[in-house]
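Asker:
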Amino acid sequence: MAASSCAPFAGTIGDAANAVLAAVGYNFRRILAWLRLFVAFINDALFTLVTQAESVQAA
3 MAASSCAPFA GTIGDAANAV LAAVGYNFRR ILAWLRLFVA FINDALFTLV
53 TQAESVQAA
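Here is the structure:
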């Protein structure tokens, strides 16, 4: 077996692939953080609507 079979993307192509994958990972973390904030906002809005509806029904 050749040594290149262990690292099929060695050299320039490997460096480029590594840069692309690192960027994808970084942006994926940012998207997950944004989604976490968005879900928290929606959850808070729904909770507010439900509690307001319950207080109107109780009155």
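Counted the way the working numbering counts, the sequence shown spans residues 3 to 61. Every residue gets a Cβ at the ideal spot worked out from N, C-alpha and C, and that includes glycine.
I'd like the list of long-range same chain contacts for L23, defined as Cβ closer than 8 Å, with 5 residues on each side in sequence excluded.
Answerer: none
Asker: How many Å lie between N20 and F11 at the Cα?
Answerer: Put simply, the backbone Cα of N20 is about 9 Å away from that of F11.
Asker: If you draw a straight line from the alpha carbon of A35 to that of A25, how long is it in whole angstroms?
Answerer: 15 Å
Asker: Give me the Cα-Cα distance between D17 and I33, rounded to the nearest whole angstrom.
Answerer: 24 Å
Asker: From what residue to what residue does the alpha helix (DSSP H) around A19 run?
Answerer: T14 to A60
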